[in-house]
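As you go down the protein sequences, you meet chains A and B in turn.
Just remember that this note's numbering sits 599 ahead of the position in the first sequence, which is counted from 1.
Just remember that this note's numbering sits 2 ahead of the position in the second sequence, which is counted from 1.
One structure below.
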Amino acid sequence: LAKTTQPISMDSYEGQEVNITCSHNNIATNDYITWYQQFPSQGPRFIIQGYKTKVTNEVASLFIPADRKSSTLSLPRVSLSDTAVYYCLVGFQKLVFGTGTRLLVSP
Amino acid sequence: DGGITQSPKYLFRKEGQNVTLSCEQNLNHDAMYWYRQDPGQGLRLIYYSQIVNDFQKGDIAEGYSVSREKKESFPLTVTSAQKNPTAFYLCASRAGGTDYGYTFGSGTRLTVV
Numbered sequence: 600l601a602k603t604t605q606p607i608s609m610d611s612y613e614g615q616e617v618n619i620t621c622s623h624n625n626i627a628t629n630d631y632i633t634w635y636q637q638f639p640s641q642g643p644r645f646i647i648q649g650y651k652t653k654v655t656n657e658v659a660s661l662f663i664p665a666d667r668k669s670s671t672l673s674l675p676r677v678s679l680s681d682t683a684v685y686y687c688l689v690g691f692q693k694l695v696f697g698t699g700t701r702l703l704v705s706p
Numbered sequence: 003d004g005g006i007t008q009s010p011k012y013l014f015r016k017e018g019q020n021v022t023l024s025c026e027q028n029l030n031h032d033a034m035y036w037y038r039q040d041p042g043q044g045l046r047l048i049y050y051s052q053i054v055n056d057f058q059k060g061d062i063a064e065g066y067s068v069s070r071e072k073k074e075s076f077p078l079t080v081t082s083a084q085k086n087p088t089a090f091y092l093c094a095s096r097a098g099g100t101d102y103g104y105t106f107g108s109g110t111r112l113t114v115v
């Protein structure tokens, strides 16, 4: 299974754009890249998923370069409620979670 | 509304007792998963099932057992053989095929005293 590496923590302020980059050098041809958000004592919530190039939905954008060895989750204009742990996952039928990136958004 | 339900939310058990955590989904998803999360850590896969009457061990299956007799249900039993059972347990489901998005339940916090 492809292993992912992402920063342990990030700090930001309200209204700023936050970009969290994840590396996955051993990604397989069948693998999709998926990002989840988790608040304390809750189950992770699906944010966005992509295979290549750029994907955008109502809450985030996902940028994937041509070699697919990394990906960047972009959160536009974060608010205090975006403080959470963000997980980058690569896989097909079985997802392996790392420790994620703890994002702290301050006023 | 469709979703995935875990019960109970909090569970206390005495050491040496087996305990079963419930997970039910009405999303008509084929695949179901159990994860364990310890404080400050990521999720670790315990067991998963791609279809009814079939399941596979994840990375930390020792001390746990599961069954998948119905598509909607995937209960997890934490046995007395599990050395450190106190944790937050999360169940998830996935539609299968080319849908790679997981839906998670709200979790069960198990405390063994």
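Ideal Cβ positions, reconstructed from N, Cα and C, are used throughout, including at glycine.
Exclusion of the five residues before and after GLU17(B) leaves VAL114 as the residues of its chain whose Cβ lies within less than 6 angstroms of its Cβ.
Nearest CB-CB separation between GLY5(B) and chain A: not below the 8 angstroms threshold. By the Cβ neighbour-count rule, VAL68(B) is buried, with 16 or more other Cβ atoms within 10 Å of its own.
For ASP56(B), the secondary structure class from DSSP, reduced to helix, strand or coil, is strand. Interface criterion not met: the Cβ of GLY649(A) is under 8 angstroms from no Cβ in chain B.
Those residues of the region 683-701 of chain A placed with their C-beta closer than 8 angstroms to a C-beta in chain B are TYR686, GLY690, PHE691, GLN692, LYS693, LEU694, VAL695, PHE696, GLY697, THR698 and GLY699, ordered along the chain. The beta carbon of TYR35(B) sits closer than 6 angstroms to those of TYR50 and ALA94, all from its chain and outside the five residues before and after it, given in chain order.
Taken in chain order, the whole beta strand (DSSP E) runs of length 3 or more contained in the region 671-702 of chain A are 683-690. With its beta carbon less than 8 angstroms from one in chain B, SER640(A) belongs to the interface. The alpha-carbon of GLU64(B) is positioned some 24 angstroms away from that of ASP32(B).
Residues of the region 33-60 of chain B whose Cβ lies closer than 9 angstroms to any Cβ of chain A, in chain order: ALA33, TYR35, TYR37, GLN39, GLY42, GLN43, GLY44, LEU45, ARG46, LEU47, TYR50, GLN52, GLN58 and GLY60. When rounded, the separation of the alpha-carbon atoms in ARG38(B) and PRO706(A) is 33 angstroms. Around the C-beta of GLY5(B), fewer than 16 other C-beta atoms lie within 10 Å, and the residue is accordingly described as exposed. When C-beta atoms of the region 649-661 of chain A are compared with those of the region 669-677 of chain A, three or more pairs fall below 8 angstroms, so the two segments count as touching. Rounded to the nearest whole angstrom, the CA to CA distance from THR603(A) to GLN58(B) is 23 angstroms.
Under DSSP, ILE663(A) shares a beta bridge with THR652(A). Rounded to whole angstroms, the Cβ separation of LEU92(B) and GLY103(B) is 15 angstroms, and the two are not in contact under 8 angstroms. Counting every other CB atom within 10 Å of its CB across the protein chains shown gives THR655(A) a total below 16, marking it as exposed. In the three-state reduction of the DSSP assignment, LEU92(B) falls in the strand class, which pools E and B. With respect to the 8 angstroms criterion, THR682(A) and ILE607(A) are not classified as neighbours on the basis of their beta carbons. Residue contact check for TYR104(B) against chain A: a CB pair falls below 8 angstroms. In this structure, TYR685(A) sits near GLN636(A), with a CB-CB distance shorter than 8 angstroms. CA-CA distance, LYS668(A) to ASN624(A), rounds to 5 angstroms.
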